[in-house]
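The sequence shown begins at 0 in the working numbering and counts up by one.
Notes follow once the structure below has been shown.
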Amino acid sequence: MNSTIEQVMTTDVVSCSKTATVADAARLMRDRNIGDVLVTDNSGKLAGIVTDRDMVVRCLADGADPNVTLGEVCTTDLATLTRDASIDEAVRMMSERSMRRVPVVDRGKPIGIVSLGDLAIERDPQSALGEISAAAPTH
Numbered sequence: 000m001n002s003t004i005e006q007v008m009t010t011d012v013v014s015c016s017k018t019a020t021v022a023d024a025a026r027l028m029r030d031r032n033i034g035d036v037l038v039t040d041n042s043g044k045l046a047g048i049v050t051d052r053d054m055v056v057r058c059l060a061d062g063a064d065p066n067v068t069l070g071e072v073c074t075t076d077l078a079t080l081t082r083d084a085s086i087d088e089a090v091r092m093m094s095e096r097s098m099r100r101v102p103v104v105d106r107g108k109p110i111g112i113v114s115l116g117d118l119a120i121e122r123d124p125q126s127a128l129g130e131i132s133a134a135a136p137t138h
């Protein structure tokens, strides 16, 4: 049987309201040692995603105020997966759209995220990416 996203996704996702600031998200990323924050609307539904790279490219590089809201800088054209999606479906989607991470939703609300590292560990744990992704963070 084909493995599902639910078996490999990270369920300890961090989300912020779209009214939170880039500075708020940066502190969360630092404190939690993560590279992305899911952005939610007032009802808790997924509204976007912001990555550490987004913050550098869309904010810092352009001299934007760190108090700009996540709603103003997050990526809103999102592809998502459901918990019962197959690993193959995730790989195909991420490859076709050049994505590094995909939010997993249930009725529009974020319940997880799947990354290239998650898929590498599942597909080939002995590969360089699989080994690096499985290692505990050092910072």
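Virtual Cβ for every residue (Gly too), placed ideally from N, Cα, C.
Ile120 (DSSP reduced to helix, strand or coil): Helix at Ile120.
Roughly how many whole angstroms lie between the Cα atoms of Val90 and Val103? Each residue's Cα considered, the two are about 14 Å apart.
CB of Gly47 within 9 Å of CB of Gly70, strictly: yes
Taking Met8 and Ile112 to be in contact with their CB atoms under 8 Å, please state how far apart those CB atoms are, rounded to whole angstroms. 6 Å
Alpha helix (DSSP H) segment containing Arg26, residue limits: In the DSSP annotation of this structure, the continuous segment of the alpha helix (DSSP H) that includes Arg26 starts and ends at 21-31.
Can you list, in chain order, the residues of its chain whose CB lies under 8 Å from that of Arg82, leaving out five sequence neighbours each side? Thr3, Ile4, Glu5, Met8, Val103, Asp105, Ile110, Gly111
Nonlocal neighbours in the same chain, by C-beta distance under 8 Å from Arg96, ignoring five residues either side: Ala78
Under 7 Å Cβ to Cβ from Asp40, same chain only, skipping five residues before and after it: list those, please. Correct list, in chain order: Lys17, Ala46.
For the beta strand (DSSP E) that Asp139 lies in, which residues bound it at each end? Within the shown structure, residues of the chain are numbered from 0 to 138, placing residue 139 beyond reach of any answer.
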